[in-house]
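Novice: Under my numbering, the residues of the sequence shown are numbered 1 to 556, in order.
Heads up, the beta-carbon is just placed ideally off N, CA and C, and yes, glycines get one too.
Attaching a single structure in structure tokens format; questions to follow.
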Amino acid sequence: METILTTHHVTRVLCCAFGPTTNNWFFSYKERALGGAEKVMVRWGSTCPPGLISWLLDPATKTLRRDTSRLHVVLGPTGSFAAWEPKAYRWALPETLQAWLTAHGCQHDAPRALALGHGGEYFVLAKNGAYSFRSTSLKSIEAAGHSWKSVQYITFSASLPKRCIVVFDDTYTAGTVPTSANTTGTTQEDEQEEIDDFRRVLDSYAEDYIQRGYIPQRHNQDAQRAADVLATRLKEEAAKKREEAARQKEAAAAHAAKVHAETIARQAHIRKQAEEQAQRAAASKHTYDAARQKHEAEVAEARAKKAKAQELAAQKAQAREAAAARAERNRQIRERKAKKAKLAEDARIAKEKAAQERAEKAKLAEEEAAQERARQAKAQAQQQAAAQEKARLAKVAEEKAAKQRAARLAEAAEQRAAQERARQAREARARWEAAEAERRRPELYRSWAAARTRALDCSPGTLRRPDFPQPPAQICTCQLAGCVQRKTDKGLRACRHDMEKLLRASGEYSMAWLRKERLAWHPDRFARRCAPGSREVLVGMATEMFEIYDELIDDL
Ligand SMILES: [Zn+2]
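Next up, the structure:
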């Protein structure tokens, strides 16, 4: 909206309304186009109530369908609004206010004044003079003795509670009350200072309007309304624009004084000229001409006055616009500087924070590394200790094993030595026994031969098992595998090698001798001598003896 005011050639403000948020506004105005013709324009902010926009636009063509030159719009908090044109109206307001408007016929004719404020504050004045309001600050104004029927314009602050401006026919007032009972002294002082500053600006502006007699003229109400809307904006931005407003006031005062002085001078000049002309006319003999000239002079004077007044108004408006533009530029510059400073500050803080974080991270990493090193050193020490212990155990085990091996070797050597000694002893004994047997063989043979003779000479049927001439055990020493088996299985317990050694001890060993001796052991002959109970065993042993003799004979 500021863009519209600063870049378009706005010749007249028709209706201007502000809601509580930045883009909640409505603005209709007359604009001078390039060709010089005036046209009515309507603009609104992006957060205007959707109900209002749908009422303004034709649903099919999406173009404006309202009488824009006589459109009146009021915006309030939380999407509330009221809008009129001569033929139609639309509103979205608290129920009590809507009921009041309907009861007073406001749906046919817009009220003379309607204002919506913060937290449900409102004021309404119908064409017939009836009024209603809900506002703490208006109560204090009413208490001061103002008549609501003479209200020309009223507005509430959309963003701050309990603040309003009321313009009456002959005066105006701005009502405020502290926002909270708990407000501190400092805040109250600040608030009061802000209000005082705003009042100084508003005073110069509104008094100018009232003194120039604009207010009672109905056709100037639109301009008045626009001026008051501008004043409302100034109020909202008063704290920011304090210095600019003061400067603007000084400039406006200086300019007004200058213009006033010029006007007086011009008026004096015109009056002087008119007087001179009148004197000339009076001097003239033609009374009619003189009267006519006097009339013309008066007309010219009136025209000049009117032209001067218009010029004055235009110059003043230009001065105001220039001052506003300057203030806006200064404000933008200050905002940019503030933003830049804030950005720089933010960047510095972020940088410091990042550096701090980096330092903390580095410290943390160092601590972790130190811990890791300590852990590694400990682990290494443990590993070394374990390895040393393992080596020690291995050495002990090896020593033990070596000792065991040595013990086993010693034992084995001892066993071998013992076995060797035993074997040597056995061999020595065997040799001794062999030698002894060899020495004793003839004797053994004589003993065995005597037993044989006794057995063979006994009476038939009397020979028993103990009488059998058993080969002496001293000579039966053959260890050949077949012979050992034979001696185990059969009763004689002697092999041909044993018998050969025995018989050779006779000194008569020969083929013939063996054949003669063999006859005595023939089983048929021997059987006759055996006792009946021992015959079978004895015959078996005799048969064995007979076969050995056969083999010995075959060997020769
Ligand atoms: Zn043998």
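(1) Any idea what DSSP makes of T11, helix, strand or coil?
(2) Could you check the C-alpha separation between H9 and A143 for me, to the nearest Å?
(3) Considering only residues of the stretch 483 to 535, which uninterrupted alpha helix (DSSP H) runs meet the minimum length of 4 residues and lie entirely inside it, listed in chain order?
(4) Would the beta-carbon of I154 fall within 8 Å of that of A113?
(5) Report yes if the C-beta of D498 is less than 7 Å from at least one heavy atom of ligand 1; otherwise report no.
(6) Would you say the beta carbon of C483 is closer than 7 Å to some non-hydrogen atom of ligand 1?
(7) Which ranges does the alpha helix (DSSP H) cover as unbroken runs of at least 4 residues, wholly within the stretch 359 to 393, from first to last along the chain?
(8) Identify whether T155 lies in helix, strand or coil by the three-state DSSP scheme.
(9) Does DSSP put A449 in a helix, a strand or coil?
(10) Restricting to runs no shorter than 3 residues, where is the beta strand (DSSP E) found entirely within the stretch 55 to 99?
(11) Just confirm the distance between the C-beta atoms of R12 and K39, as a whole number of angstroms; I'd bet it's less than 8 Å.
(12) Within 7 Å: the Cβ of L480 and any heavy atom of ligand 1?
(13) What does V40 pair with, by DSSP beta-bridge criteria?
(14) Check S132 in the structure and name its three-state DSSP category.
(15) On a CA-only basis, which of H497, A304 and K342 is nearest I548? Give me that one, please.
(16) If you measure between the beta carbons of L57 and R70, is that distance less than 8 Å?
(17) Pick helix, strand or coil for A17, following the three-state DSSP scheme.
(18) The beta strand (DSSP E) spanning F116 covers which residue range?
(19) Between which two residues does the beta strand (DSSP E) holding F468 run?
(20) Assign M511 to buried or exposed, taking buried as 16 or more other Cβ atoms, counted over all protein chains shown, within 10 Å of its Cβ.
(21) Is the closest heavy atom of ligand 1 to the C-beta of C458 under 7 Å?
(22) Going by other Cβ atoms of all chains shown within 10 Å of its Cβ, with 16 needed for buried, is E85 buried or exposed?
(23) For L463, which of helix, strand or coil comes out of DSSP?
(24) Check L564 in the structure and name its three-state DSSP category.
(25) Taking the Cβ atom as the reference point for each residue, do N24 and L75 lie within a distance shorter than 8 Å?
(26) Pull up the CB-CB distance for P472 and L514, whole angstroms please, since I reckon it's below 8 Å.
(27) When DSSP builds the beta bridges, which residues end up paired with W25?
(28) With distances taken from CA atoms, which of I333, A268, E276 and A323 is nearest K308?
(29) Tell me whether Y122 is buried or exposed, calling it buried when 16 or more other Cβ atoms sit within 10 Å of its Cβ.
Specialist: If we stick to the structure as given:
(1) Numbered from its first residue, the sequence shown carries residue 11 at position 11. Reduced to three states, the DSSP call for T11 is strand.
(2) Here residue 9 refers to the residue found at position 9 when the sequence shown is read from its first residue. Here residue 143 refers to the residue found at position 143 when the sequence shown is read from its first residue. Each residue's alpha carbon lies about 43 Å from the other.
(3) 496 to 504, 511 to 520 and 523 to 527
(4) As a working mapping, residue 154 is identified with position 154 in the sequence shown. As a working mapping, residue 113 is identified with position 113 in the sequence shown. Yes, the pair counts as a contact, with Cβ atoms nearer than the cut-off.
(5) Numbered from 1 along the sequence shown, position 498 holds the residue referred to as residue 498. Yes.
(6) Locating residue 483 in the sequence shown gives position 483, counting from the first residue. Correct: C483 has its Cβ closer than 7 Å to ligand 1.
(7) none
(8) Residue 155 sits at position 155 when you count from the first residue of the sequence shown. Here T155 sits in strand by DSSP.
(9) Within the sequence shown, numbered from 1, the residue matching residue 449 stands at position 449. If DSSP states are grouped into helix, strand and coil, A449 belongs with the helices.
(10) 72 to 75, 81 to 85 and 88 to 92
(11) As a first step, residue 12 is located in the sequence shown; it is residue number 12 there, counting from the start. As a first step, residue 39 is located in the sequence shown; it is residue number 39 there, counting from the start. Actually they do not touch by this definition, with Cβ atoms about 11 Å apart.
(12) Here residue 480 corresponds to residue number 480 of the sequence shown, with the count starting at 1. Checking every heavy atom of ligand 1 against the Cβ of L480, one is found closer than 7 Å.
(13) In the sequence shown, residue 40 corresponds to position 40, counting from 1. According to DSSP, which records beta bridges pairwise, V40 is partnered with K30.
(14) Counted from its first residue, the sequence shown places residue 132 at position 132. Strand at S132.
(15) If you number the sequence shown from 1, residue 548 lands on position 548. Looking at the Cα atoms, H497 is the closest of the given residues.
(16) Looking up residue 57 in the sequence shown gives position 57. Looking up residue 70 in the sequence shown gives position 70. No, Cβ-Cβ distance for L57 and R70 is not below 8 Å.
(17) Mapped onto the sequence shown, residue 17 falls at position 17. If DSSP states are grouped into helix, strand and coil, A17 belongs with the strands.
(18) The residue given as residue 116 occupies position 116 in the sequence shown. Note on residue identity: the sequence assigns Leu, not Phe, to residue 116. From DSSP, the beta strand (DSSP E) with L116 extends over A113 to L116.
(19) Translated into positions along the sequence shown, residue 468 becomes position 468. Counting along the chain, F468 falls outside any beta strand (DSSP E), and DSSP gives it neither H nor E.
(20) In the sequence shown, residue 511 corresponds to position 511, counting from 1. By the 10 Å Cβ count, M511 comes out exposed.
(21) Within the sequence shown, residue 458 is the residue found at index 458, counting from 1. Flag unset: Cβ of C458 not near ligand 1.
(22) For the purposes of this step, residue 85 is taken as residue 85 along the sequence shown, with counting starting at 1. Buried.
(23) Stepping through the sequence shown from its first residue, residue 463 is reached at position 463. It is a strand residue.
(24) The first residue shown for the chain is 1 and the last is 556, placing residue 564 beyond what the model contains.
(25) Position 24 of the sequence shown holds residue 24. Position 75 of the sequence shown holds residue 75. Yes, they are a contact pair.
(26) Within the sequence shown, residue 472 is the residue found at index 472, counting from 1. Within the sequence shown, residue 514 is the residue found at index 514, counting from 1. With 8 Å as the limit, P472 and L514 do not qualify as a contact, their Cβ atoms being about 19 Å apart.
(27) Mapped onto the sequence shown, residue 25 falls at position 25. According to DSSP, W25 bridges with F18.
(28) Position 308 of the sequence shown, counting from 1, holds the residue named residue 308. Out of I333, A268, E276 and A323, A268 has the C-alpha closest to the C-alpha of K308.
(29) Numbered from its first residue, the sequence shown carries residue 122 at position 122. Looking at its Cβ environment, which holds 16 or more other Cβ atoms inside 10 Å, Y122 is buried.
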